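For the sequence shown, my numbering assigns the number 391 to the last residue and increments by one with no breaks.
Structure first, then comments.
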Amino acid sequence: MAPYIATTSAPVNIACIKYWGKRDTKLILPTNSSLSVTLDQDHLRSTTTSRADSAFEKDRLWLNGVEEDIKPGGRMSTCIAEMKRLRKELVEDVDASAPALSTFAVHIASYNNFPTAAGLASSASGFAALTASLAALYALPCPPTALSLIARQGSGSACRSLYGGFVAWNAGTLPSGLDSHAVQVAPETHWPDIHALICVVSDTKKGTSSTSGMQRTVETSSLLQHRIKNVVPQRMKDISAAILARDFDRFAEITMADSNQFHAVALDTSPPIFYMNDVSRAIIAVVEEYNRVALLPENGGKRKAAYTYDAGPNAVIYAPAANMKEIISMIVRYFPQQDAFKDPFGLFGAAGAGTG
Ligand code: DP6
């Protein structure tokens, strides 16, 4: 009998409109919609192999070669159980000759091709790759949108990594969460000219995890309520329009404003959360100055780069490919002492976003 095995990869995504806050912590339903760019497959990705076998005694998981516990009722076990349920409903109940893989235990091995210590969101690519790999193993006739409903229950941002290119996660309104899934705003081929530069400011693990940080924000920040009601809905429309029009100036303006509001909301949390450090803020100053000069009428009057920061100090700089060389030499010039810029992980370079 051929072994039941499948391997799939999913890339990291970096949000331009940030997800921060859950209205349902078990189903992972967000307080606001979000939008991200999925990076190129060749650069930062998780690759996951799943195998089902009637001889396996229990589900097991290895992350980067180290076995991890699958906590009963936890996110990992929820995702595996949901995928087994889909296998039964969509395949085995429909075709009596299909092997009963939903009753077999699975062994799952996942690798990141980037160091987890680099502080990049590995949960997004990790849960997306897990879901995609089980979908391939179980031969599920499901579009990425349906799989994103399950990846979302592993880690919210993971639902966006099931698509390449520019991806929105619609918050939805149903208590069941069935309308809270990812949709592709534009494929990677629509705007391959946008590249992402990842500046590793610190490779130590962050102090406050996204999960606990955002929960504290929901409980204590009044600024978050303003953001949810009055800011994000319009920004989602505006940035989608900028992407469709390939308007980098507007894309950059919105991306930077949203990163800054996310960090303001973190600061408005009690006790406050500081994700950026002095180097992060210095990078903001450099990019702002670069854009100030670019915005002068004699220089074309348009922004040339956009920074964004997640729940940590590392910067992601989006820019059209033609500006990247200039941006890299500027960063190296202003931050010459930083080991991160000697590229210890091979991360320092333009990761073609939306091209893979
Ligand atoms: C700042 O998806 O890691 O990167 O759903 O609790 O697993 P959980 O959180 P997670 O949060 C990501 C937060 C963010 C913004 C974003 O990616 O939209």
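Where a beta carbon is used, it is the ideal one built from N, C-alpha and C, also for glycine.
In this text the structure is predicted, and so the values were computed from the model without any measurement.
Residue of the options minimising C-alpha distance to residue i
i    : options                   : result
D104 : S315, H142, T60 and A350  : H142
A354 : D238, P178 and T343       : T343
K264 : L64, S68 and L62          : S68
A163 : A356, A174 and N147       : N147
K360 : A340, D345 and A350       : A340
P227 : R122, L279, A140 and L169 : L279
A287 : T255, R327 and A167       : R327
A231 : E92, A350, K61 and P107   : A350
G161 : A133, V202, L79 and D214  : L79
A87  : S157, I115 and S132       : I115
I366 : Q260, V300, N334 and C234 : C234
S245 : N358, D293, L155 and A135 : L155
R281 : L213, S190 and I229       : I229
A144 : E127, L136 and D94        : D94
V236 : E117, V314, T304 and R270 : V314
Whole-Å CB distance - residue i paired with residue j, under 8 Å assumed
i    : j    : result
A193 : R187 : 7 Å
Q296 : R262 : 6 Å
S71  : A45  : The Cβ separation is near 13 Å, so there is no contact.
K290 : W55  : First, the residue type needs correcting, since residue 290 is Thr and not Lys in the sequence shown. With a Cβ gap of about 15 Å, T290 and W55 do not count as contacting.
Y173 : L121 : 7 Å
I392 : T243 : Only positions 36 to 391 of the chain appear in this structure, which leaves residue 392 out of reach.
A159 : S190 : 6 Å
E92  : A140 : 6 Å
I52  : I352 : Actually they do not touch by this definition, with Cβ atoms about 17 Å apart.
G200 : P222 : 4 Å
Residue i burial status per 10 Å Cβ neighbour count (16 or more: buried)
i    : result
A320 : exposed
M249 : buried
G381 : No answer about G381 holds up, because its pLDDT of 45 lies below 50 and its placement is not dependable.
L209 : exposed
A356 : exposed
P306 : exposed
P332 : exposed
D59  : exposed
T224 : exposed
P65  : buried
E99  : Checking the displayed sequence, the identity of residue 99 turns out to be Asn instead of Glu. Per the 10 Å Cβ criterion, exposed.
S215 : buried
L213 : exposed
D293 : buried
T390 : Residue confidence is low: T390 scores 26 on pLDDT, short of 50, so the model does not pin down where it sits. Its coordinate-derived value is still stated next. Classification of T390: buried, given that the 10 Å Cβ count is 16 or more.
heavy atom of the ligand NAD below 7 Å from residue i C-beta
i    : result
A217 : Because the ligand NAD does not appear in the structure shown, any question about it cannot be addressed here, the ligands present being the ligand DP6.
Interface flag, residue i vs chain D, CB-CB below 8 Å
i   : result
I40 : Included in the structure is just one protein chain, with no chain D present.
Restricting to runs no shorter than 3 residues, where is the beta strand (DSSP E) found entirely within the stretch 89-116? 95-98 and 101-103
Segments assigned alpha helix (DSSP H), at least 4 residues, entirely inside the stretch 210-288: 245-255, 257-261 and 267-279
Unbroken stretches of the alpha helix (DSSP H), 4 residues or longer, contained in the stretch 165-214: 179-186
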